[in-house]
Structures are given as structure tokens and as C-alpha cells.
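Protein chains: 2
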Amino acid sequence: MTQSRSKYDSGCPVAYALDIFGDRWSLLVIRDMAVKGARTYGELLAGWEGISTNILAQRLKQLEQAGIVTKEKDPDSGRSFVYELTQKGRDLAPVLIEIALWSGRYNTAPDAMTGFLDKISADRPGTEARMRAGERP
Amino acid sequence: MTQSRSKYDSGCPVAYALDIFGDRWSLLVIRDMAVKGARTYGELLAGWEGISTNILAQRLKQLEQAGIVTKEKDPDSGRSFVYELTQKGRDLAPVLIEIALWSGRYNTAPDAMTGFLDKISADRPGTEARMRAGERP
DNA sequence: TTGAGCACTTGCAAAATGCAAGCAATCAGG
DNA sequence: CCTGATTGCTTGCATTTTGCAAGTGCTCAA
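Just so you know, the sequences run in chain order A and B.
Residues 1 to 137 (our numbering) are what the first sequence spells out, left to right.
Residues 138 to 274 (our numbering) are what the second sequence spells out, left to right.
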């Protein structure tokens, strides 16, 4: 579980985090698990933005190594695996919420809202709790 | 100033944000401006992580286009420019703070703290205000 | 006028990404 | 039991992005 220090890691906490999810896809995978309750490879692959399969596989490995997600065999299906957010992963909920709030203030595109923002403004603590639980919408 | 929709933008607020700063460097540039009060190209280039000059130039252009930073001639020096965070950029302070708090919980490296976390836990509203002001430490 | 500083740009190699196809292990239906 | 569909990937290859080094143009102080 001991992570080797990346060449970018300066000791700054922001850099530490970006080392783990500072790329195009990682946070979207975490969002799909936290906000949409995605649990399987297939569900993640079918996400809104269309991640390609090799990238998804690679990101899941990295996130597992970083202790953000766990991977277990589905007890009900021999060909499926179940991915779960760890505590470390669930604790990213406030980060996702702040990002979404910021976008809500500045994204003026007409179809920019997908319900997530409405949920946050209606009940932020409840939304955060539901994200941590990985509840399906 | 109207931004064309990226091929990744699904309408999700998280995706909108990642479209702007979902890469290795953009948030570090914003951090250098918000936390360290960096204002010039040279100061940003000398950041903790060692961004390369071509990437910095490209990111500054993108951030300017996205309305996160402004670029103006330094009134006191004909060869310098001054970059400033806009309101939109300063409003990323809560995102940076949540990221730093998360890292603080999970980065166990001995030299992981650079003072920023201590400031947040000593006085979060004050730290956020100082970030928005772009005050130098 | 000259040399140093600042803010970049350019060229090129290396790495990451995206797309399509392939593949192994289940499992459900006939 | 055989067969085809489903699931969770891996592989190959073209394209894009990144990283490093070197170079350029403008400014200013001596």
C-alpha cells in the first residue's frame, strides 16, 4: 500500500491529490461511483462521457493502487466484479461537490444541469451522505 | 469569450470543470497564484513542481480563454506581464481547500505538509479569504 | 551599445490517449 | 452438452499531448 513518490510530488497537498486524480478521467470514474452508484466495469464504461475501455481498465488499476477503490468478485455472478469506493474515495465527495458548485456558478450552457446541482442546493449534507453511501439516484 | 463545447462535455458540472482544469498542471498554476501570490510568468515557472515553459505558456492561454486569469502589461516594467485570477479563478479556492484537506487526511509522507494545511485548519475562512485576495504568504 | 533578464516559441523525442479489434471466462437457452 | 451472448478486460496502432532543450525578440540598466 506504500505509494512511491511520483516525480511530480513536491510535498504540496494539492500536488499529492493531482498525482492520484489529476487527469481527464479519474474524477469522472469516482463521480460515476459516488453520484450514479456505478459498481461494475460495464456501468463505468457506459458513463456519460464515453471513456475508452483500455483507459478505464488502467484508471481502475491506478485507483485501486491508490486505495480509492476496491475490486471484488461479484458473489452472484462469476463473470462480474464489483468495484467499491473506499473511505478514502468516499471522502472525495466534498471535492466533487465544490467542483460542481463552481461549475454551477460559471457554466452558462443551457443543458448544463443534470440534477446533481439541484440536489446539492436542495440538501448539501444529505447529498454528500448519499454520495458517500454510493446510493443510486 | 463564448467557449465552444469540448468533445468531452456531457453537461455534467464535474465534466465542465475538468474540461478547464482537469489536467496535471492547471490547478497547480491556480494554486501558485491563489496560495503563493504568483503573478508573473517567471514566478509561475519557478513553482514547486517544475512545469516546463511551453506547457506553462499553453496553460496560461487556456486559462485566460476560460476566464480564469487575466493578462496585463506590468505598468512598472515594459518587459513584464501581470497575471491575475478573475472572480471565476478566485472562486476555485474552496475546491483547492477541499483537495488539500483530503490530502491532509491521506498523505502519510513525512514532509507532506507545506504550511497550507496548517493555515486551513487554523482558520479556514481567513485562509480562503487570503487565497481570494491572492495574498503572498 | 551591450549584456542581462523576461516572456515566450520551436523542434523533436517520449509518453499518454483514443479507437478498433480480439480474447478468455462465464452463463443462459435450447 | 452445445452455442451464442455477456462481461471484463488486453493488444495494436495512429494520433495527441507532454517534456526537455535550445533559440528568439523585446526591454532596460549601465
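Even glycine gets a Cβ: it sits at the ideal position worked out from N, Cα and C.
Residue environment analysis places Glu98 (chain A) among the buried positions, since at least 16 neighbouring C-beta atoms fall within 10 angstroms of its C-beta. Within the segment 179–254 of chain B, the runs of alpha helix (DSSP H) that reach at least 4 residues and sit entirely inside it are, in chain order, 190–202, 224–227, 230–243. CA-to-CA, the gap between Leu164 (chain B) and Ser214 (chain B) works out to about 27 Å.
Under the three-state reduction of DSSP output, Arg124 (chain A) falls in the helix class.
Annotation: the continuous alpha helix (DSSP H) that includes Ala171 (chain B) extends over 163–171. If you draw a straight line from the Cα of Arg90 (chain A) to the Cα of Glu84 (chain A), it comes to about 9 Å.
The three-state reading of DSSP puts Pro150 (chain B) in helix, counting H, G and I together. With a threshold of 8 Å between beta carbons, Arg39 (chain A) makes no contact with chain B. Residue-level contact by beta carbon fails for Gly263 (chain B) and chain A, as no gap is shorter than 8 Å. In this structure Asp160 (chain B) is not in contact with Asp146 (chain B), their Cβ atoms being roughly 15 Å apart against a cut-off of 8 Å. DSSP, reduced to helix, strand and coil, places Arg267 (chain B) within a helical segment of the structure shown. Thr40 (chain A) and Ala66 (chain A) have their C-alpha atoms spaced approximately 19 Å apart.
Annotated as distal: Ile188 (chain B) and Leu229 (chain B), with beta-carbon spacing of 8 Å or more.
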